[in-house]
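In the working numbering, the protein residues as written are 431 to 688. From the three backbone atoms N, C-alpha and C, an ideal C-beta is built for every residue, glycine too.
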């Protein structure tokens, strides 16, 4: 959290000024209930006095479905830097990015954040050169994976009739058609897409350094969707574990409830 951010603390019954009321209504500051207190957060000290943090309204505008305390969680959610020794160019990854909701992926809110390469370029996060390198790497990886699928299908007599069509789709660079054919041939084919992985930051830090409003809005939309999905998955996982335990008990495994 930016060190300059501070809360204004009021009693639950104390009225706020018209100015702060307007800031709350316009999403420039969050009003958070805390027992017998209420907080206006975040605020910063300026030469003119204490005021709202510039740019927070872009976060609130994209997170209207959340309660103020949930917006705080989104603001402070850490985007992990799992590879701190590398430059931005080297930390990008053109392979398929798998996140909570995909099969066999543990729930982890601290993962680096995947930004599609063209989106990252349009937001000014990466250069055109980096964007093009990512796209080229993804294309090369897709061609390699397509070759692997064709090789595997060629060695499987059950799907010999699909090999010419796979080769044609490969030659045409038609990834969508190739994927459908690979599925028919029962061969794994994950489409690689170019991503820039944002690392080692929070949405609050991006707001604090004055990131472009379009960047703040995009990050907020992603984090709101992803956080909701992660929480849903967490609840589903808890439910599955509870049902599995109940099933084991009713079958006399690990003890009996009856």
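In the DSSP annotation of this structure, the continuous segment of the beta strand (DSSP E) that includes residue 440 starts and ends at 436-441. Inter-residue distance for residue 626 and residue 446 is about 43 Å (C-alpha atoms, whole angstroms). Within 10 angstroms of the beta-carbon of residue 639 lie fewer than 16 other beta-carbons, which makes it exposed. Cβ neighbours of residue 634 within its own chain (closer than 7 Å, five residues either side excluded): 431, 432, 505 and 506. The beta-carbon separation of residue 489 and residue 650, rounded to 5 Å, stays under the 8 Å limit for a contact.
When secondary structure is reduced to three states using DSSP, residue 625 falls in the strand class.
The C-beta separation of residue 458 from residue 499 comes to about 17 Å, leaving the pair out of contact by the 8 Å criterion. Excluding five sequence positions before and after residue 561, the CB atoms of its chain that fall closer than 6 Å to its own CB belong to 547 and 551, given in chain order. Three or more beta-carbon pairs drawn from the stretch 610-622 and the stretch 566-576 are found closer than 8 Å, and the two stretches are therefore classed as touching.
Sequence-distant Cβ neighbours of residue 584 in its own chain, meaning closer than 7 Å and more than five residues away, are 593. In this chain, the alpha helix (DSSP H) harbouring residue 570 covers 558-584. Between residue 480 and the set 645, 439 and 553, the nearest pair of CA atoms involves 439.
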